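One structure below.
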Amino acid sequence: MGCGAAEWACPVNGCRRHRESGAERERRARTEAGGGMVGWEKGLRIRFEPGRCWLEEEDVDTPNRRVLITGATGLLGRSVYKEFKGNNWNAVGCGYSRARPMFEQVNLLDTTAVHNVIQDFQPHVIIHCAAERRPDVVDSQPDAASQLNVAASGNIAKEAAQVGAFLIYISTDYVFDGTNPPYKENDAPNPLNLYGKTKLEGEKAVLANNEGAAVLRIPILYGEVERLEESAVTVMFDKVQFNNKSANMDHWQQRFPTYVKDVASVCRQLAEKKMLDPSIRGTFHWSGNERMTKFEMACAMADAFNLPSSHLRPITDSPVVGALRPKNAQLDCSRLQMLGIGQHTPFRVGIKESLWPFLTDKKWRQTVFH
Numbered sequence: 001m002g003c004g005a006a007e008w009a010c011p012v013n014g015c016r017r018h019r020e021s022g023a024e025r026e027r028r029a030r031t032e033a034g035g036g037m038v039g040w041e042k043g044l045r046i047r048f049e050p051g052r053c054w055l056e057e058e059d060v061d062t063p064n065r066r067v068l069i070t071g072a073t074g075l076l077g078r079s080v081y082k083e084f085k086g087n088n089w090n091a092v093g094c095g096y097s098r099a100r101p102m103f104e105q106v107n108l109l110d111t112t113a114v115h116n117v118i119q120d121f122q123p124h125v126i127i128h129c130a131a132e133r134r135p136d137v138v139d140s141q142p143d144a145a146s147q148l149n150v151a152a153s154g155n156i157a158k159e160a161a162q163v164g165a166f167l168i169y170i171s172t173d174y175v176f177d178g179t180n181p182p183y184k185e186n187d188a189p190n191p192l193n194l195y196g197k198t199k200l201e202g203e204k205a206v207l208a209n210n211e212g213a214a215v216l217r218i219p220i221l222y223g224e225v226e227r228l229e230e231s232a233v234t235v236m237f238d239k240v241q242f243n244n245k246s247a248n249m250d251h252w253q254q255r256f257p258t259y260v261k262d263v264a265s266v267c268r269q270l271a272e273k274k275m276l277d278p279s280i281r282g283t284f285h286w287s288g289n290e291r292m293t294k295f296e297m298a299c300a301m302a303d304a305f306n307l308p309s310s311h312l313r314p315i316t317d318s319p320v321v322g323a324l325r326p327k328n329a330q331l332d333c334s335r336l337q338m339l340g341i342g343q344h345t346p347f348r349v350g351i352k353e354s355l356w357p358f359l360t361d362k363k364w365r366q367t368v369f370h
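Throughout the sequence shown, residue numbering follows full-length UniProt numbering, covering 1 to 370 in sequence.
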């Protein structure tokens, strides 16, 4: 029989309120009464005794600002999770194929699962990082990409609106055709490839289902990768290091490589600004401020690690294979800057922080420190 509290989904067998211990009920009551930095979250502590050790659940107090991050196992999502967690937010990350014990495993295409995790956690903020972001994969799997980039995004926006959560939807500079940069938020989009089209449709779905949401468009990302292939920037590092053979590098497309730690900081700053000013909504741009081709990025990597770059060859022709890319989709970031929001890490600094574990003579460190 139900307890009459809809927010606890009581009609389901195993209603949390009926399973709570007396201590848990007391902490929840204090939280609902405005008791501040308390919660009924569980933590794990390693216990030791002579001859054995084990993990034990324990109650932990949690900050009262709650943020839910989708795609938390990805390059950007990991950084967003760390940024909020390190700044006194109660952060919950969601993943699926790479979900780990510290994250919730949620299939974003399962509307019931999405509803349950949002209703259960009651976040103040949702950062929607999950997406199919590889243009060539979107071309080869258009239906699956559309389901994730468009349908799932619209559903998350609707669920966020129902609990009053501020949603930040991560989008891309590829919504523009690259013929007339720099682009402001209100410039007309014209995506050249299917990836850009699905992200633009995702933007529309988000704003149609949640008028208080924000869209954050960002360009090519790099950061502390788990493997070099995780970023279109860091994937070049092996070619930089293995200088015994020449390597062709694109010197046509103008990019603005952006450090994921900077994007994560912008997301947190925007979320905290929204809590002070409910009028903040709509589309925003953030980007690194150094224009570079992939050839120039590769040369900068070599310079950062004092490696030779004479084996790198610039290719100035437009690529003839794969999905079409805009030549220069530079984003104008002045709207966020006017709000006092922003963070720029110089490329050579960020790339050195990201890639030092992958130096050929230091790869053993990846599993120890990275």
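From the three backbone atoms N, C-alpha and C, an ideal C-beta is built for every residue, glycine too. Predicted, not measured: the structure shown is a model, and the values here were computed from it.
- The segment 245-262 makes contact with the segment 284-294; the number of CB pairs closer than 8 angstroms reaches 3 or more.
- Rounded to the nearest angstrom, the gap between the Cα atoms of Q241 and C333 is 34 angstroms.
- Annotation: the continuous beta strand (DSSP E) that includes F166 extends over F166 to T172.
- Within the segment 111-181, the runs of alpha helix (DSSP H) at least 4 residues long that lie entirely inside it are, in chain order, 111-121, 135-140, 142-146 and 152-163.
- In this structure, A329 lies near Y183, with their beta-carbon atoms less than 9 angstroms apart.
- Straight-line measurement puts the Cα of L76 at about 18 angstroms from the Cα of Y195.
- A straight line joining the alpha-carbon of K82 with that of P191 spans about 32 angstroms.
- Cα atoms of V266 and G340: separation of roughly 10 angstroms, rounded to the nearest angstrom.
- Residue range L194 to N209 is occupied by the alpha helix (DSSP H) that includes N209.
- Boundaries for M297: no beta strand (DSSP E) harbours it, while the alpha helix (DSSP H) harbouring it runs K294 to A304, taken from the DSSP string.
- About 11 angstroms separates the beta carbons of T198 and V137, which is beyond the 8 angstroms limit, so they are not a contact pair.
- In this structure, R133 and S171 do not form a Cβ contact; the two beta carbons are roughly 10 angstroms apart against a cut-off of 8 angstroms.
- Cβ atoms of F256 and S279 stay farther apart than 8 angstroms, at about 29 angstroms.
- Look at the beta carbons and you see the segment 148-162 not touching the segment 303-323: under three pairs across the two are nearer than 8 angstroms.
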